[in-house]
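Each step along the sequence shown adds one to the number in UniProt numbering, with nothing skipped, and position 178 is 178.
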Amino acid sequence: MRADRLVATLLFMQTRPRVTAAEVAAELEVSVATARRDLEALSAAGIPVYPQPGRGGGWALVGGARTDLSGLTAGEAQALFLLLGPLASTSPATRSTLRKLLRALPQSFRMEAEAAAGAIVVDPARWGAAAERTPERVGELQRAVVRRRKIRLGYERRGQRTERLVDPWGLVDKDGIWYLVAGTERGRRTYRVDRIAAIEDTDEIAERPADFDLSTAWSEVVTEVERQRASLSATVLVEARLAPVLAHQQGRHCILGDPVADGRVRARITAPTPLMIAQQLAGWGAAVEVEHPESVRAELARLGAELVERYAPTGG
1 MRADRLVATL LFMQTRPRVT AAEVAAELEV SVATARRDLE ALSAAGIPVY PQPGRGGGWA
61 LVGGARTDLS GLTAGEAQAL FLLLGPLAST SPATRSTLRK LLRALPQSFR MEAEAAAGAI
121 VVDPARWGAA AERTPERVGE LQRAVVRRRK IRLGYERRGQ RTERLVDPWG LVDKDGIWYL
181 VAGTERGRRT YRVDRIAAIE DTDEIAERPA DFDLSTAWSE VVTEVERQRA SLSATVLVEA
241 RLAPVLAHQQ GRHCILGDPV ADGRVRARIT APTPLMIAQQ LAGWGAAVEV EHPESVRAEL
301 ARLGAELVER YAPTGG
C-alpha cells in the first residue's frame, strides 16, 4: 500500500543525510519513478523533504538523520497524518500504520496528529450508489508488479475467456474501476481487473522499459480512449436552461456553442458510434434535438419506435 511506502521512505531517509530516488527504489523494491513520486508526495504534504542541488543530487530530510519519528515537529506530524488519514477509512494496513506512527510521536503531538488524521474523509460512492469494492485480485496483482515476474491471466471479455502472458507494470484506480497496465508481445495493453478470472505466477523475469513511468503511461491511455470516444460527433440543439446540465452530464464530450434564433443553444456531442450518442440523448426527450448526422437521428427514431411498441396502451 502507498501509505506503508511513504512511512518506509521517511524512516529510510532518517538514517542518512541524503538519498537518491534510485536508492529508495532499491530499498523498497519499487521503480525509480514510483520512488520519485513518493518523495514528491512527502514534500508536497509539508514534510521537510527537499531535492538537493549539486553533484549527485538526491533528496534530504532537512534537520539531519534521525532514528525515530520523535524528530518531527508538530506541524510535520500533522502534515503526515493529513496525508495518510483519508486512506485509513478504506485500508486496514493504513490504519495499522497510523497506530504505529502515533505511538512513535511525542505525547504532546498525539492529540493534534489524531485530529489531523480524522480531519478528512474520502467517500468514493456517488449519491444513491454503493461504493465500488476493490476487486480481490488487486492485492495479488500489486505483488506481481513488485515481484517483477511475468504472470498468466485468464481474461474474460464479451462472454469469451482467453489466456494471456503479460509483464505487469502497474495498477490504476480510475473512478472506482481498477486497471492493470501491462506489457505484451504486441506492446502496452490495459486490462480491467474485474474481468481477470485467474492469475498464474511464473518465474520468468518481466520486461519493462527502463524509462517507464506509470503516470505518463496512463495519461497516454486516457488520451487514446478519449480520442476513440470522440471519433463521431453530433450537432444538437438544447433548451438554454438545460445546456449547463447537458454539458455537466457529458463532460469533455460536450462543447457548448452560441444561442440560436429560437433561444436554444447549439452543442456538439462526441462518442464512438451513433447508437451511443442516441442512448445518451434519448432520456432528454424533446429538450434536445439532433440536427445531424442522420445516423444519430435514425437511431433515436428506432429507439423511440421500440419504446412506443413496448409501452403503447392496448385496446380492451
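Heads up, the beta-carbon is just placed ideally off N, CA and C, and yes, glycines get one too.
Examine chain C for any beta-carbon lying closer than 8 Å to the beta-carbon of residue i, and answer yes or no.
i    : result
A197 : No chain C is present in this structure, which holds just one protein chain.
Can you give me the start and stop residues for the beta strand (DSSP E) that residue i sits inside?
i    : result
H292 : V288 to H292
A182 : I177 to T184
A271 : V265 to A271
L256 : C254 to P259
A234 : L232 to V238
Starting from residue i and walking both ways along the alpha helix (DSSP H), at which residues does that stretch end?
i           : result
S215        : L214 to R229
A41         : V32 to A44
L105        : First-last for L105: undefined, no H or E at that position.
R143        : R137 to R147
residue 320 : Missing from the structure shown is residue 320; the chain here goes from 1 to 316 and no further.
Q160        : First-last for Q160: Q160 to K174, but that is the beta strand (DSSP E), not the alpha helix (DSSP H).
On a CA-only basis, which of the options is nearest residue i? Give me that one, please.
i           : options                   : result
E114        : L98, A301 and G251        : L98
V290        : P48, I196, V265 and A116  : V265
E200        : V166, A243, V181 and V308 : V166
T190        : E239, G283, S219 and R252 : S219
E239        : R229, G257, A230 and T223 : G257
A206        : V49, R188 and T223        : R188
E112        : G170, L300, F81 and Q160  : F81
E132        : R147, W169, V245 and G176 : G176
W169        : E309, G75, H248 and R147  : R147
residue 329 : P313, G139 and R229       : Only positions 1 to 316 of the chain appear in this structure, which leaves residue 329 out of reach.
L246        : L232, E309, D262 and A282 : A282
Measure the alpha-carbon distance for residue i versus residue j and round it to whole angstroms.
i    : j    : result
L61  : Q14  : 7 Å
I120 : L87  : 9 Å
E156 : A197 : 7 Å
L10  : A117 : 18 Å
R192 : L180 : 6 Å
L275 : V221 : 24 Å
Q250 : A125 : 19 Å
A79  : A45  : 6 Å
R158 : R164 : 16 Å
I47  : G128 : 38 Å
L300 : P135 : 36 Å
V122 : F12  : 28 Å
F212 : L242 : 44 Å
V30  : P92  : 21 Å
A271 : R252 : 11 Å
H292 : E224 : 25 Å
A182 : A130 : 29 Å
A286 : G304 : 12 Å
E204 : L153 : 14 Å
E140 : L171 : 11 Å
Within its chain, find whatever has a CB closer than 6 Å to the CB of residue i; leave out the 5 residues flanking it on each side and keep chain order.
i    : result
E226 : none
V296 : A234, P274, I277, A278 and V290
S43  : V49
R143 : none
L83  : A45
Ordered along the chain, which non-local residues of its own chain (more than five positions away) have a Cβ less than 8 Å from that of residue i?
i    : result
G57  : T20 and P51
V260 : L237 and R266
G85  : L98, A116, A117, G118, A119 and I120
Please check the pair residue i and residue j, which I expect to be a contact at CB under 8 Å, by giving their CB distance rounded to whole angstroms.
i    : j    : result
I95  : L102 : The displayed chain sequence assigns Arg, not Ile, to residue 95. The pair is not a contact, with the Cβ atoms about 11 Å apart (cut-off 8 Å).
I277 : R268 : 11 Å between Cβ atoms; not a contact.
L39  : A77  : Going by Cβ atoms, the distance from L39 to A77 rounds to 19 Å, so no, they are not a contact pair.
T184 : R149 : Not quite, the Cβ-Cβ distance comes to about 15 Å (not below 8 Å), so this is no contact.
Please list, in chain order, all residues of the same chain as residue i whose beta carbon is under 7 Å from its beta carbon, the five residues on each side excluded.
i    : result
A8   : L28
P244 : none
So is the beta-carbon of residue i under 7 Å away from any non-hydrogen atom of the ligand PLP?
i   : result
A77 : Because no ligand of any kind appears in the structure shown, any question about the ligand PLP cannot be addressed here.
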